[in-house]
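Chains as they are written, first to last, in the working numbering: chain A, 1 to 309; chain R, 310 to 618. For glycine and all other residues, C-beta sits at the position ideal for the given N, C-alpha and C. What you are looking at is a predicted structure, and each value in this text was computed from that prediction instead of being measured. Just below is one structure, and these are the notes that go with it.
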């Protein structure tokens, strides 16, 4: 077994931090560590929390962490912020939060921005969740900003996906358009002291009528006021009920299977793209394209025919 | 030369429509047609128009089409709507628009929703633009909803990217976070009869100060009221100035080169993923994963080592 994998299983938090850096930086030992850790998953309850930037997600997650800790549960958090692929960007909010929980060994927060290529963020997020599960947190929270396609991909790793909305925000339509409605297992109306809660409830219920769900499960709606710590216990209660539903129906196992199968494709895809990038150094097709001597489709055909598989 | 390619160059609009369907459905002749058309690009001015759902983009684009037509220019439009990958979704707004321009042979509108896999939409959009350029429209408009990563990818195909914002919407921060600021060549404040225009102008200018731009080019800001046809000529004027800047500095050529080089990678990537999907039918690794007999990283390693390149 890889030394780092061994240390992670033994709950060495510095090894965990280092392991996640391996994932982010695509270290050569990455796959071998993930292989070693695969059988070591402790079965954490993985909860995805998504919602638009202004929805008060960070403070909600913060309250949720406090709540879980006060119930004696350990928590790993992956805060995913697909900010500008150009500017990089520091995740100030998460740094503030990290400072708050800094001295608590039962909380581990890791922020992730967009790095590298297509699909890279979703892949690294999932691998990080695997690693945290092998380490052994009771609950793993995956927090994402926004409602784009990449968030949908990221959310696939969660057992339970919670969507945070605000009264009067008009977010429901956007959430629906983004396909979030179909993956939501639980809705959270945050800032429930603002006017428009009952209208938002009606909108959510109306949208839920439009999309297909399992006959036995209809996503519940929690109301929270995170500044006043209100409603957090409902979020947890609903999440546990959903997990129970997954267990009772076998849907949880089927979901895990799909996730694992998808991971095969993602890993293969990513490694292939790296190989192709390396290949590009050979030959002068970039120069030929620059001089307009050849078209991209011919180059692509040539590369593909060389691969011969 | 492929028969369909020949007909497209000869301005057969039904051949164009059919060709685009070939792209969408990933027809076996697709690459060969694209190869034939590559050298036939007429150098249309490709203008990307992006902005959040409520920004009045559709009516703005409609006015813009009317304006271009009244100036004797032909217009191809690709309306990209990455709606739910689950629900599919009809693009009602575009159907209404199509009806409006139905009898005008100088306007061709094609709507695209999310179909197929990762990156597929951006790829098909770019290929459609290539095809429309070979057909010979003077201007090609690429309209996208939202500000996600896939929109960023799509916008790379444009010579000039316009970002539509509304006064009082608070969109600027989201646009900035999504990395749109760095690709914007031109801002359009639509609904400029609403209060808050000068505040929005200040916000945009402030954001522009934060991001890197070419020293010689700072994106201008147009103000439009599309319901009153106001300001549309400014949009066109700014777009032409930007194109001139691209020509004068050689930046346009460099951009085209990058786009073509990226297309190689995208095509190779897509074709490889198709091959891997086909491969999956062989072997029982999906079953093995379902029975938890093997981990995804081992399967991925096995597939990769088989490829041997």
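Per DSSP, residue 183(A) is not a residue of any alpha helix (DSSP H), being assigned neither H nor E.
With respect to the 8 Å criterion, residue 355(R) and residue 466(R) are classified as neighbours on the basis of their beta carbons.
Proximity to residue 225(A) across 166(A), 65(A) and 6(A) peaks at 166(A), based on C-alpha coordinates.
Note that the C-beta distance between residue 517(R) and residue 529(R) is not below 8 Å. Ranked by how close their Cα comes to the Cα of residue 447(R), the residues 598(R), 431(R), 378(R) and 510(R) have 378(R) in first place.
When beta bridges are read from the DSSP output, residue 108(A) appears opposite 76(A).
When rounded, the separation of the alpha-carbon atoms in residue 525(R) and residue 141(A) is 45 Å. When CB distances to chain R are screened at a threshold of 8 Å, the residues of the stretch 282-295 of chain A falling below it are 285, 286, 289, 290 and 295, in chain order. Inclusion of residue 75(A) and residue 107(A) in the CB contact set at 8 Å is warranted, their separation being smaller than that value. Between residue 136(A) and residue 42(A), the gap from beta carbon to beta carbon is short of 8 Å.
Listed along the chain, the chain R residues whose CB falls inside 7 Å of the CB of residue 304(A) are 577 and 580. The stretch 26-39 of chain A and the stretch 58-67 of chain A do not touch, with fewer than three beta-carbon pairs separated by less than 8 Å.
Ranked by Cα distance from residue 163(A), the first of 154(A), 181(A) and 173(A) is 181(A).
Close partners of residue 344(R) in chain A (Cβ separation under 7 Å): 295, 297 and 298. In the DSSP assignment, residue 157(A) falls outside any beta strand (DSSP E), carrying neither H nor E. The beta-bridge partner set that DSSP reports for residue 539(R) consists of 534(R). In terms of CA proximity to residue 546(R), 376(R) leads the group 311(R), 599(R) and 376(R). No residue range can be given for residue 349(R), since it is assigned to no beta strand (DSSP E) and is classified by DSSP as neither H nor E. The three-state reading of DSSP puts residue 8(A) in helix, counting H, G and I together.
In the assembly as shown, residue 10(A) is an exposed residue. Its beta-carbon has fewer than 16 other beta-carbons within 10 Å. Spanning the alpha carbons of residue 253(A) and residue 202(A) requires a straight line of approximately 32 Å. Membership of residue 194(A) in any alpha helix (DSSP H) is not indicated, and neither H nor E is assigned to it by DSSP. Under the Cβ criterion of 8 Å, residue 198(A) is not counted among the residues facing chain R.
With respect to the C-alpha of residue 571(R), the residue from 259(A), 267(A), 276(A) and 39(A) having the closest C-alpha is 276(A).
The C-alpha of residue 231(A) is placed about 23 Å away from the C-alpha of residue 109(A).
For residue 333(R), there is no enclosing beta strand (DSSP E); the residue is part of the alpha helix (DSSP H) that begins and ends at 322-333.
In this structure, DSSP gives residue 580(R) a helical state, which the three-state scheme calls helix.
Contact annotation: residue 430(R) and residue 421(R) have beta-carbon atoms nearer than 8 Å. Residue 193(A) is not a Cβ neighbour of residue 242(A), given a cutoff of 8 Å. Residues are counted here when their Cβ sits less than 7 Å from a Cβ of chain A; for the stretch 352-383 of chain R these are 362, given in chain order. With a 10 Å radius around the Cβ and a threshold of 16 neighbouring Cβ atoms, residue 284(A) comes out exposed. Burial state of residue 432(R) is buried, judged by a 10 Å Cβ sphere holding 16 or more other Cβ atoms.
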